[in-house]
Amino acid sequence: MRKRLEGVSQLDAEEIRRQLRDEVMLECHDEIRALRRATLEKSEQELQSEAQRVLISTMQRIASKPNNDLTATIIQLPNEEMKGRIIGREGRNIKAFESATGVTLMIDESPQMVLLSSFDPLRREIARVALDALVKDGRIHPASIEDYVRRAQEEIDLVTTQAGEEAVARLGINGLHPEIIRLLGRLKYRFSYNQNVLDHSIETAFLASVIASEVGLDSNVAKRAGLLHDVGKAASGELEGSHATIGAEFVKRYGETPIVVNAVAAHHEEVRPETVYAGLVILADTVSAVRPGARAESITSYIQRLGCLESLALSLDGVQQAFAIQAGREIRVVVSPRQVTDDRAREIARDLRSRIEQELEYPSTIKITVIRESRFTETAK
1 MRKRLEGVSQ LDAEEIRRQL RDEVMLECHD EIRALRRATL EKSEQELQSE AQRVLISTMQ
61 RIASKPNNDL TATIIQLPNE EMKGRIIGRE GRNIKAFESA TGVTLMIDES PQMVLLSSFD
121 PLRREIARVA LDALVKDGRI HPASIEDYVR RAQEEIDLVT TQAGEEAVAR LGINGLHPEI
181 IRLLGRLKYR FSYNQNVLDH SIETAFLASV IASEVGLDSN VAKRAGLLHD VGKAASGELE
241 GSHATIGAEF VKRYGETPIV VNAVAAHHEE VRPETVYAGL VILADTVSAV RPGARAESIT
301 SYIQRLGCLE SLALSLDGVQ QAFAIQAGRE IRVVVSPRQV TDDRAREIAR DLRSRIEQEL
361 EYPSTIKITV IRESRFTETA K
């Protein structure tokens with residue numbers, strides 16, 4: 001005890017505190033580490049639970065109609081004699097119509113109907129309006145075709161502007177430049193995987209607004225960014241760049257705030273999100289796109305996509321079979337247990353994920369499951 005007191009007496013108060021602190025920290029190191037791990041795990045679980053609650057609450061509050069498959073535009077005719085008028089002498093009327101509209105007019109043996117074919121829904125709508133007016137008038141010749149196509153273009157411009165104004169009014173957004181509203185309305189005739197882009201933009205705005213309200217952010221800013229995120233899809237094809245970049249430059253030109261501009265530019269993560277509102281738009285855009293019934297694709301492209309997915313998996317060494325299931329949202333890969341070890345099976349899953357992300361275009365996500373097993377079967381007689 002005397003020796004200990006002599007040792008302590010040689011230390012000042014600060015040195016005693018330092019040694020005591022070091023000793024306590026050393027003894028409690030394991031307990032502190034376990035407590036930190038438990039705290040982090042609890043915080044992560046609470047965040048996951050809260051995120052699920054917000055998303056479920058948001059999706060339940062927004063009722064959306066299912067997507068309707070996009071089909072060719074069919075025009076009904078009053079009689080078979082009208083087909084001859086549309087074609088004209090030596091086909092001059094149909095040639096003039098296709099030249100003025102950029103739409104292919106298909107006349108077959110179907111009774112009292114013609115088909116308008118074009119990859120551009122806006123052109124197809126202009127052609128529909130013009131042909132309807134020509135059929136009602138009955139006087140079909142190159143001069144009248146040009147006149148009615150011009151009138152149809154003016155009518156569609158008015159319709160798209162009204163569609164943009166209705167979308168803005170429905171969302172209660174103020175202060176948008178008229179040029180932005182006009183371009184926004186053109187999304188009425190744009191589709192992505194057969195999902196109407198204007199309806200998708202409105203839905204994204206509602207989703208972003210509700211999520212922002214749930215987490216204590218400005219719902220008006222989120223709503224504005226959500227509505228404008230795809231406006232670049234309505235821009236002229238002559239402009240170079242992705243629709244996110246084009247849309248961001250367009251809204252910036254007409255006075256939108258840097259927060260909205262960045263959210264538009266970053267919604268496909270081509271540029272770095274600078275604010276939490278960009279993350280909200282990314283989330284709302286994804287929820288709107290992947291909800292059941294939101295998007296559709298033709299049976300041909302659907303089968304082709306599944307075939308490409310399976311072929312990609314079969315191209316890897318050691319893969320015996322590959323099955324695309326769940327409408328292409330999951331692929332199960334069976335590997336040879338003699339050629340592939342457990343570690344290699346894990347590498348195959350990672351390699352396949354990387355190649356799918358680089359080489360394929362697909363909506364939503366694709367789950368990859370690699371199966372490695374051995375079976376031995378005997379039959380007793």
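Numbering of the sequence shown is given in this note's numbering, commencing with residue 1 and proceeding in unit increments. Heads up, the beta-carbon is just placed ideally off N, CA and C, and yes, glycines get one too.
Once the 5 residues before and after residue i are set aside, which same chain residues still bring their CB inside 8 Å of it?
{"i": "THR275", "result": "ILE259, ASN262 and ALA263"}
Looking only at DSSP bridge pairs, what is residue i linked to?
{"i": "ILE331", "result": "ALA324 and ILE368"}
{"i": "ASN196", "result": "PHE191"}
{"i": "VAL114", "result": "ILE75"}
{"i": "VAL440", "result": "Outside the shown range of the chain (1 to 381) lies residue 440, about which nothing can therefore be said."}
{"i": "VAL319", "result": "VAL335"}
What's the gap between the Cα of residue i and the Cα of residue j?
{"i": "THR379", "j": "SER49", "result": "51 Å"}
{"i": "VAL319", "j": "VAL335", "result": "4 Å"}
{"i": "THR365", "j": "LEU55", "result": "18 Å"}
{"i": "GLU361", "j": "CYS308", "result": "10 Å"}
{"i": "ILE282", "j": "PRO178", "result": "26 Å"}
{"i": "LYS233", "j": "GLU165", "result": "18 Å"}
{"i": "ARG353", "j": "SER43", "result": "29 Å"}
{"i": "PRO111", "j": "GLY84", "result": "13 Å"}
{"i": "GLY175", "j": "ALA235", "result": "21 Å"}
{"i": "GLU310", "j": "ASP317", "result": "14 Å"}
{"i": "ALA34", "j": "GLN52", "result": "27 Å"}
Within a Cβ cutoff of 6 Å, which residues of the same chain sit near residue i, ignoring the five residues on either side of it in sequence?
{"i": "GLN45", "result": "none"}
{"i": "PHE163", "result": "Per the sequence shown, the amino acid found at residue 163 is Ala instead of Phe. Cβ within range, chain order: GLY185 and LYS188."}
Looking at the structure shown, is residue i part of a helix, part of a strand, or coil, going by DSSP?
{"i": "PHE191", "result": "strand"}
{"i": "LEU20", "result": "helix"}
{"i": "THR160", "result": "helix"}
{"i": "LEU105", "result": "strand"}
{"i": "VAL215", "result": "coil"}
{"i": "VAL340", "result": "coil"}
{"i": "LYS381", "result": "coil"}
Between the beta-carbon of residue i and the beta-carbon of residue j, is there less than 8 Å?
{"i": "ILE86", "j": "ILE126", "result": "no"}
{"i": "LEU312", "j": "ILE371", "result": "no"}
{"i": "ALA209", "j": "GLY226", "result": "The residue you asked about is not Ala; residue 209 is Ser in the sequence shown. A contact, by the Cβ cut-off of 8 Å."}
{"i": "LEU77", "j": "VAL103", "result": "no"}
{"i": "THR204", "j": "ALA266", "result": "no"}
{"i": "LYS95", "j": "ILE173", "result": "no"}
{"i": "LEU158", "j": "PHE250", "result": "no"}
{"i": "LEU116", "j": "LEU105", "result": "yes"}
{"i": "LEU314", "j": "ALA324", "result": "no"}
{"i": "GLU269", "j": "THR245", "result": "no"}
Who are the near neighbours of residue i in its chain, counting only those whose CB is closer than 7 Å to its CB and skipping five residues on each side?
{"i": "VAL129", "result": "ALA152, GLU155 and ILE156"}
{"i": "ALA349", "result": "ILE368 and VAL370"}
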